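In full-length UniProt numbering, the protein residues as written are 327 to 580. Glycine included, each C-beta is placed from N, C-alpha and C at the ideal position. Please read all numbers here as calculations on a predicted model, not as lab measurements. Encoded as structure tokens, the structure appears first; notes follow it.
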Ligand code: G
Ligand code: G
Ligand code: MN
Ligand code: NA
């Protein structure tokens, strides 16, 4: 079994890597950004996925150290893309434990400063599980970040972990529709369309853009665009890929 000490050493030894999944802006058809997704290149076990080690990281608090590494690496990469003329907004997932430390705002600004990246190029993604412990404290930290220009998104909205109170308490600019909402299109099309339209409308009424996750087919992409979703992400558009492949992928899809 994996232990926290091993993960801590792996971070220091440079065994974590980020893959990036493109995000499409539907009205323009342009790629507007990417989501950074961590993997652990384990010397014996091979490439480990987040589900193999993020729960351990969250339970032990190592996720704070992990997130600092992800922030540093993702902002460095985003700044490199920007210098290469690629205008991408990069998303980073934030975990619950980070709010309690009180260092989130400083950690984000340290990363932006070190990378020389504009705050507008970064989106912080949070799920309700990541704010549940102390919602007011979390909301205050996100408000500070938004004032400085960093975007915030509510992740996995429509899953078991999300609630309407998030929309009220968290100052977010983007609502990410959980992939279970999108997957429902194949099963109960009219009901799914109604649910997606309602969530998109709710987000819009709160001044939020909407990003559909887990778009796996052309049919799903077409429907979510019709329903007013502004952005989409999923295997039908592109799978998460190493940073080195992103520029080529952008050229090929044109
Ligand atoms: O990459 P994959 O599709 O397997 O990601 C699964 C989940 O792991 C995602 O839903 C995401 O919330 C989580 N995850 C991926 N990368 C990170 C990360 O850098 N930090 C945190 N806290 N969670 C991540
Ligand atoms: O919300 P979260 O941060 O967990 O989302 C990222 C996760 O979703 C990653 O694990 C990624 O591999 C996965 N993912 C991305 N696109 C798709 C898709 O189209 N279908 C499914 N099933 N999973 C996807
Ligand atoms: Mn996410
Ligand atoms: Na999600």
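Grab the span of the alpha helix (DSSP H) containing residue i for me, first residue to last.
{"i": "residue 546", "result": "544-552"}
{"i": "residue 425", "result": "423-427"}
{"i": "residue 430", "result": "430-441"}
{"i": "residue 353", "result": "Segment: none, residue 353 is in no alpha helix (DSSP H) and carries neither H nor E."}
{"i": "residue 529", "result": "515-531"}
{"i": "residue 460", "result": "Here residue 460 belongs to no alpha helix (DSSP H), and DSSP marks it neither H nor E."}
{"i": "residue 491", "result": "490-495"}
{"i": "residue 572", "result": "569-578"}
According to DSSP, simplified to helix, strand and coil, what is residue i?
{"i": "residue 500", "result": "strand"}
{"i": "residue 362", "result": "strand"}
{"i": "residue 562", "result": "coil"}
{"i": "residue 445", "result": "helix"}
{"i": "residue 332", "result": "helix"}
{"i": "residue 343", "result": "strand"}
{"i": "residue 408", "result": "helix"}
{"i": "residue 390", "result": "helix"}
{"i": "residue 357", "result": "strand"}
{"i": "residue 348", "result": "strand"}
Could you give the first and the last residue of the continuous beta strand (DSSP E) run that contains residue i?
{"i": "residue 483", "result": "477-483"}
{"i": "residue 538", "result": "535-538"}
{"i": "residue 416", "result": "415-419"}
{"i": "residue 374", "result": "372-374"}
Closer than 7 angstroms: is that where the CB of residue i sits relative to any heavy atom of ligand 1?
{"i": "residue 377", "result": "yes"}
{"i": "residue 568", "result": "no"}
{"i": "residue 393", "result": "yes"}
{"i": "residue 550", "result": "no"}
{"i": "residue 421", "result": "yes"}
Please return the same chain residues whose Cβ sits closer than 8 angstroms to the Cβ of residue i, not counting the five positions on each side in sequence.
{"i": "residue 533", "result": "499"}
{"i": "residue 357", "result": "348, 349, 350, 351, 414, 576 and 579"}
{"i": "residue 475", "result": "444, 445 and 446"}
{"i": "residue 554", "result": "523, 526, 527, 530 and 536"}
{"i": "residue 427", "result": "390"}
{"i": "residue 459", "result": "422, 425 and 426"}
{"i": "residue 430", "result": "420, 424, 467 and 471"}
Quick check: is any heavy atom of ligand 2 less than 7 angstroms from the C-beta of residue i?
{"i": "residue 560", "result": "yes"}
Within a Cβ cutoff of 7 angstroms, which residues of the same chain sit near residue i, ignoring the five residues on either side of it in sequence?
{"i": "residue 483", "result": "501, 502, 503, 504 and 525"}
{"i": "residue 382", "result": "328, 330 and 333"}
{"i": "residue 397", "result": "418, 433, 434 and 437"}
{"i": "residue 509", "result": "540"}
Kindly indicate if chain C contains any beta-carbon less than 8 angstroms away from that of residue i.
{"i": "residue 508", "result": "The question asks about chain C, but that chain is absent: this structure has only one protein chain."}
Cβ of residue i within 7 angstroms of any heavy atom in ligand 3?
{"i": "residue 574", "result": "no"}
{"i": "residue 361", "result": "yes"}
Can you list, in chain order, the residues of its chain whose CB lies under 6 angstroms from that of residue i, leaving out five sequence neighbours each side?
{"i": "residue 493", "result": "532"}
{"i": "residue 574", "result": "none"}
{"i": "residue 461", "result": "495"}
The segment 547-558 in contact with the segment 343-354 per 3-pair CB rule at 8 angstroms: Result yes; three or more Cβ-Cβ pairs closer than 8 angstroms.
Say whether the segment 564-577 touches the segment 332-352, bearing in mind that this needs 3 or more beta-carbon pairs closer than 8 angstroms, one atom from each stretch. Touching, yes, given that three or more Cβ pairs across the two stretches are closer than 8 angstroms.
Decide yes or no for the touch test of the segment 376-391 against the segment 534-550: beta carbon pairs closer than 8 angstroms, at least 3 of them. Counting C-beta pairs closer than 8 angstroms gives fewer than three between the segment 376-391 and the segment 534-550, which falls short of the contact rule.
Could you say if the segment 432-444 and the segment 464-480 meet the contact criterion of at least three C-beta pairs nearer than 8 angstroms? Touching, yes, given that three or more Cβ pairs across the two stretches are closer than 8 angstroms.
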